[in-house]
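Residue numbers (our numbering): -14 to 167.
Right, here's the structure in full:
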């Protein structure tokens, strides 16, 4: 049997090396894989845990669902849904992923449509989970400015695009606006 140690590569302490060396010694008929794989459907992040080599890797840049901003906002911090709920507290909790928001809002009695309006939310239905953002300005040509979270990996709320045409943006999917009740 070969014992693997990664003292030079990983810089582990002697006690940890001994522990890892023991964990990496296996009989061929009892060894399956040193990896555990998990997928969280709520936040779209993947994790590999290697018990043999003593590290955990999570990617892409999504964060844990255990972090929520407040009692009034149940969405994971840094996600587009969290940003939208923070900017438009009139929205509901548990509306699902960004792409689900237009249908959830309509079911909750909010008006939806295709015309941009300041103070409305814009929803893109595609891109895996969809996307939702808060409209801050609209020009005469239908271009908008929006505040959003989790756009291009930015997990804080910001205006990351400036003026843009939401129908020709890099965010795929059908566009719907959710209008606040007045």
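Glycine is no exception: its CB is placed at the ideal position from the N, C-alpha and C atoms.
Under the three-state DSSP convention, the category residue i falls into
{"i": "residue 162", "result": "strand"}
{"i": "residue 150", "result": "coil"}
{"i": "residue 136", "result": "strand"}
{"i": "residue 1", "result": "Bear in mind that the predicted position of residue 1 carries a pLDDT of just 35, short of 50, making it too unreliable to give a figure here."}
{"i": "residue 155", "result": "coil"}
Alpha-carbon spacing of residue i relative to residue j, whole angstroms
{"i": "residue 66", "j": "residue 126", "result": "27 Å"}
{"i": "residue 58", "j": "residue 70", "result": "6 Å"}
{"i": "residue 74", "j": "residue 56", "result": "12 Å"}
{"i": "residue 95", "j": "residue 86", "result": "11 Å"}
{"i": "residue 145", "j": "residue 167", "result": "28 Å"}
{"i": "residue 165", "j": "residue 103", "result": "10 Å"}
{"i": "residue 155", "j": "residue 137", "result": "10 Å"}
{"i": "residue 161", "j": "residue 111", "result": "12 Å"}
{"i": "residue 163", "j": "residue 135", "result": "19 Å"}
{"i": "residue 147", "j": "residue 93", "result": "31 Å"}
{"i": "residue 88", "j": "residue 61", "result": "20 Å"}
{"i": "residue 131", "j": "residue 121", "result": "5 Å"}
Residue i vs residue j beta-carbon contact at 7 Å
{"i": "residue 106", "j": "residue 123", "result": "no"}
{"i": "residue 114", "j": "residue 82", "result": "yes"}
{"i": "residue 152", "j": "residue 119", "result": "no"}
{"i": "residue 109", "j": "residue 158", "result": "yes"}
{"i": "residue 101", "j": "residue 142", "result": "no"}
{"i": "residue 140", "j": "residue 63", "result": "yes"}
{"i": "residue 97", "j": "residue 91", "result": "yes"}
{"i": "residue 133", "j": "residue 77", "result": "no"}
Write down every uninterrupted run of the beta strand (DSSP E) in the segment 49 to 131 whose length is 3 residues or greater and which is fully enclosed by it, in chain order.
-> Inside the segment 49 to 131, DSSP marks whole beta strand (DSSP E) runs of 3 or more residues at positions 53 to 55, 58 to 61, 96 to 98, 106 to 109, 116 to 123, from first to last along the chain.
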